[in-house]
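> This is the structure I have questions about; it appears just below.
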Amino acid sequence: MITTKSIPKIKKLLGKSKRNRKIIGFVPTMGALHKGHLSLIDKAKKESNFLVVSIFINPLQFGPSEDFKKYPRNIKKDKKLLKKHGVNLLFYPQADKIYTPDFSTFVQEKEISKKLCGKSRPGHFQGVTTIVTKLFNIVEPDLSYFGQKDYQQALIIKKIVKDLNFAAKIKIAPIVREKDKLALSSRNAYLNKKERKESRAIYQALFQAKKMVKDKEKNPKKIIKEMKKIIEKKPTAKIDYIEIRKAKNLEKIRKIKGKIFIGVAVYFGKTRLIDNIIIQSKT
Ligand code: PAF
Numbered sequence: 003m004i005t006t007k008s009i010p011k012i013k014k015l016l017g018k019s020k021r022n023r024k025i026i027g028f029v030p031t032m033g034a035l036h037k038g039h040l041s042l043i044d045k046a047k048k049e050s051n052f053l054v055v056s057i058f059i060n061p062l063q064f065g066p067s068e069d070f071k072k073y074p075r076n077i078k079k080d081k082k083l084l085k086k087h088g089v090n091l092l093f094y095p096q097a098d099k100i101y102t103p104d105f106s107t108f109v110q111e112k113e114i115s116k117k118l119c120g121k122s123r124p125g126h127f128q129g130v131t132t133i134v135t136k137l138f139n140i141v142e143p144d145l146s147y148f149g150q151k152d153y154q155q156a157l158i159i160k161k162i163v164k165d166l167n168f169a170a171k172i173k174i175a176p177i178v179r180e181k182d183k184l185a186l187s188s189r190n191a192y193l194n195k196k197e198r199k200e201s202r203a204i205y206q207a208l209f210q211a212k213k214m215v216k217d218k219e220k221n222p223k224k225i226i227k228e229m230k231k232i233i234e235k236k237p238t239a240k241i242d243y244i245e246i247r248k249a250k251n252l253e254k255i256r257k258i259k260g261k262i263f264i265g266v267a268v269y270f271g272k273t274r275l276i277d278n279i280i281i282q283s284k285t
């Protein structure tokens, strides 16, 4: 595995791969790799023949009171995992090379970004779309992989790819879960024992929603009410949002119909967790 921090070097290397007609697969990450990332990497490895992973904890997507400083960092372990999973190139840039002191250009998607997590985390998606645009310009991938856990993020990336004519095809991979069904996330490491135990309520609520849709409940409000009941029973939980939306674009719906997104954001103590399921309702 080649590791580089240098933008000119990675451009040169990847230019060569392009000339050799390699299919460049790309998985952007913020490191602290877990099985969720590795499932994206394994999928990318199968579908491409030159696999690039980036590790960059992007300061632009963290709010002033968020966890940028304490975000888990473990480059040694990450590198080992990437080698083991057959990654060809690790791009591990320094922040001052990505955001030079005179940096003043931002990329903003203005529709899907305003909803759900966009409301709770102002500026977050602009940070994501700006870094992903930069990374796409540096790596010029043919295929790029994002996890369904960050479904809104994945939809927004798809939208900027369409609107800004990037060549990359975006692939969304399923959520990877712990044994007790908590979705894998680097932030799970912040949970104390009690919060970790109570965080199971997220999936229990999603499961309840799935069951109600299967039993032909058509009113999203009734489903959300039941989900709330399950989560609110947990003393360390504080709901940020529970939403049922059209899966295609996260538009509001009044009736369960077609392909729907059921998404949850909940604080356990100070840790904000998100999760979702996508269901195709029968009618
Ligand atoms: O999902 C993430 O880890 C980040 O938002 C991403 C896509 C790597 C951009 O920093």
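Numbering (my numbering), first residue to last: 3 to 285.
Even for Gly, the Cβ is constructed at its ideal location relative to N, Cα and C.
In this text, all values refer to a predicted model and were calculated from it rather than measured experimentally.
Per DSSP, what kind of secondary structure is Lys236 in: helix, strand or coil?
Numbered from its first residue, the sequence shown carries residue 236 at position 234. Looking at Lys236 - three-state DSSP - the assignment turns out to be coil, as it is neither helix nor strand.
> With H, G and I counted as helix, E and B as strand and the rest as coil, what does DSSP make of Tyr94?
Locating residue 94 in the sequence shown gives position 92, where the first residue counts as 1. Of the three classes helix, strand and coil, the one that applies to Tyr94 here is coil, per DSSP.
> Is the Cβ-Cβ distance between Phe58 and Phe64 less than 8 Å?
Indexing the sequence shown from 1 puts residue 58 at position 56. Indexing the sequence shown from 1 puts residue 64 at position 62. No. Outside cutoff.
> Can you tell me the Cβ-Cβ gap for Gly149 and Gly38, rounded? I've got them flagged as a contact below 8 Å.
Along the sequence shown, read from residue 1 onward, the residue named residue 149 stands at position 147. Along the sequence shown, read from residue 1 onward, the residue named residue 38 stands at position 36. Indeed they touch by this definition, with Cβ atoms about 6 Å apart.
> Buried or exposed for Pro143, please, with buried defined as at least 16 other CB atoms from any protein chain shown within 10 angstroms of its CB.
Numbered from its first residue, the sequence shown carries residue 143 at position 141. With 16 or more other Cβ atoms within 10 Å, it is buried.
> Quick check on the DSSP output: the beta strand (DSSP E) that includes Pro30 runs from which residue to which?
Taking the first residue of the sequence shown as 1, we reach residue 30 at position 28. Run containing Pro30: 26-31, per the beta strand (DSSP E) assignment.
> Using CA atoms only, rank isn't needed, just tell me which of Ser56, Leu53, Leu275, Phe168 is closest to Tyr205.
The residue you call residue 205 lines up with position 203 of the sequence shown. Closest by alpha carbon: Leu275.
> Near Ile162, what residues of its chain come up, given a Cβ to Cβ distance below 6 Å and the 5 sequence neighbours on each side ignored?
Working through the sequence shown from its first residue, we reach residue 162 at position 160. Same-chain partners within the cutoff: Glu111, Thr131.
> Measure the alpha-carbon distance for Tyr147 versus Leu184 and round it to whole angstroms.
Here residue 147 refers to the residue found at position 145 of the sequence shown. Here residue 184 refers to the residue found at position 182 of the sequence shown. Roughly 21 Å between the two C-alpha positions.
> Tell whether a beta-carbon distance below 8 Å holds between Glu234 and Met214.
Taking the sequence shown and counting its residues from 1, one reaches residue 234 at position 232. Taking the sequence shown and counting its residues from 1, one reaches residue 214 at position 212. Contact flag unset, no.
> By how many angstroms is the C-alpha of Val266 removed from the C-alpha of Leu193?
Here residue 193 refers to the residue found at position 191 when the sequence shown is read from its first residue. Here residue 266 refers to the residue found at position 264 when the sequence shown is read from its first residue. So the alpha carbons of these two residues sit roughly 17 Å apart.
> Less than 8 Å between the CB atoms is what I'm expecting for Ile246 and Ile280, so what's the real figure, rounded?
For the purposes of this step, residue 246 is identified with residue 244 of the sequence shown, where counting begins at 1. For the purposes of this step, residue 280 is identified with residue 278 of the sequence shown, where counting begins at 1. Incorrect: roughly 11 Å between the Cβ atoms, too far for contact.
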